[in-house]
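Below is one structure; the comments refer to it alone.
Here it is, written out as structure tokens:
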């Protein structure tokens, strides 16, 4: 179990944690759901929740939304206990999951009216603004909409009450790049307004683009909480170098940052982690014909660090 | 501006989403009731012959199909035998079971429940809203039953007081609501529509068989009285009008099952 309390406030726009879980544990009968999950999300942060299918991301989110009761531990949002004070908490939370259905026989506009009546105090002007931003079709029955348009309706429903916390579970699964772009823009706009976003995803590219920090779940446990910047700084580098002449095979054998290397007479391809300045110093002693460098994606970093756990 | 209370919003949404089903059930039951009423003059013309024939049936058949009366030539007996003994409670019961089961378990199966519960609404209020919706929907269909009967009675010139018909309609509505709330409670505690519908229908069938056959097997056995069906059928609203004491057991069942529904739904993990 990783206690991430130490990270609180070090990079937040306002340093009080908005979402907090403490030793959150959930068993489904005798089978494991999640075990000892503890993390905090700061106000105004976009916090990614990463992990493969079945790692416990959705279970954690469903406890935060009071769909599930934890076997042990507790969760709170804006200081409200997610189970005991869920009605008060939900006044400030917006949520959307790719896994849920909207009322298929209703039109988008009817759905928003229904949710408005349930919530009360909806800023109609703001709702109209979001509808325009996302170019959301509210005039047709939801069952006739494409999955992208359904997602847009679901997102409007999730944010129309100006939530202070937005919880999204795989919101962009199956969406085309244009709709994804709209969703990312919306998230950034909400962040600018001070909204805290918890974004569960297994799409690392998506997380890399919008998140400030990520929590990584594996087999029901939180294995790491990292800043995207830190992850990127410590990222993997892939180098392909062609030399003018043949080079010795043991040229880089002592560098601890090298993860893998293949040297074939006058060419070399290698993958290294972290600082590569020493590697560059060594290879620059030989005449270089061509050098191609590529920084790894978050997906590669993720697989490298956690793929075998 | 005053906001509509949350349970009413949920109830109205339930009615709206089930409007086609309510309309079809309402029209069907209204038509059925009218047709049955319009046939009475022909049955009445057969006089005592039919009553004698029915009286000659075995007691089990009388209890099973005639609701305990063989008086087919009076309006009260006719409507009891033709409609209120089995057909109306079965139809209203099926309608209410379907609706009670769809209220929570149906929404859970359709994966729409998380959207409803994403609003700042307590689970108790959701159940109260669904119960109000169930009452309103059963009320609409039973209003169709009453209006159909009343229209048939007026057209056929049958001498039957409107309040007796209304009493019989309310009696069957309370019976339907008893089954509907049982289905709601099972749906709330399991989240499973099949269990909710199946177990409640079983409760109805067992109750019906209990009432019909236990006295034949063991005349002094009081168990035949302990079922939802016997709580309904032993009342005689067409003869006595609506007696509050008679329908109280059904109202108690409705109240208890709604409380059980709230209690189980508040504690339960949702499937979706």
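Protein chains in written order, with the working numbering: chain A, 1 to 309; chain B, 310 to 581.
The beta carbon of each residue, even a glycine, is placed where N, CA and C say it ideally should be.
As the structure is a prediction and not an experimental result, all values here were calculated from the model.
One thing to note: residue 530 (chain B) has its Cβ no nearer than 8 Å to the Cβ of residue 537 (chain B).
Taking 9 Å as the upper bound on Cβ-Cβ separation, chain B lies near residues 96, 97, 99, 100, 101, 102, 103, 104, 105, 106, 110, 111, 114 of the region 96-114 of chain A. Within the same chain, Cβ atoms closer than 8 Å to the Cβ of residue 563 (chain B) are found at 483, 486, 487, 490, the five residues on either side in sequence being excluded.
In the three-state reduction of the DSSP assignment, residue 237 (chain A) falls in the strand class.
One finds nothing in chain B with a Cβ atom closer than 8 Å to the Cβ of residue 145 (chain A); even the nearest lies about 15 Å away. Taking residue 517 (chain B) as reference, the option from B:476, B:503, B:358, B:541 with the minimal CA-CA separation is B:541.
When DSSP reads this structure, residue 48 (chain A) sits in a beta bridge with A:199, A:214.
At a cut-off of 8 Å between C-beta atoms, residue 119 (chain A) counts as an interface residue with respect to chain B. Along the region 475-486 of chain B, none of the residues has a CB nearer than 7 Å to a CB of chain A. With respect to chain B, the C-beta atom of residue 91 (chain A) has a partner C-beta closer than 8 Å.
When rounded, the separation of the alpha-carbon atoms in residue 334 (chain B) and residue 443 (chain B) is 14 Å. Residue range 165-169 is occupied by the beta strand (DSSP E) that includes residue 169 (chain A).
Identification of chain B residues near residue 87 (chain A) by a Cβ-Cβ cut-off of 8 Å yields 429, 430, 431, ordered along the chain. DSSP, read as helix, strand or coil, puts residue 480 (chain B) in helix. Minimum Cα-Cα distance from residue 227 (chain A) among the listed residues A:33, A:19, A:45 corresponds to A:45. Below 8 Å, enough C-beta pairs join the region 155-174 of chain A and the region 107-115 of chain A to call them touching: three or more. Below 8 Å, too few C-beta pairs join the region 382-398 of chain B and the region 89-96 of chain A to call them touching: fewer than three. For residue 243 (chain A), the three-state secondary structure derived from DSSP is strand. For the region 55-89 of chain A, the set of residues with a beta-carbon nearer than 9 Å to any beta-carbon of chain B comprises 62, 65, 66, 67, 68, 69, 86, 87, 88, 89, in chain order.
CA-CA distance, residue 152 (chain A) to residue 209 (chain A), rounds to 19 Å.
Between the C-alpha atoms of residue 269 (chain A) and residue 288 (chain A) there is a straight-line separation of about 13 Å. A straight-line Cα-Cα distance of about 47 Å links residue 506 (chain B) and residue 213 (chain A). By the neighbour-count definition (other C-beta atoms within 10 Å, threshold 16), residue 242 (chain A) is an exposed residue.
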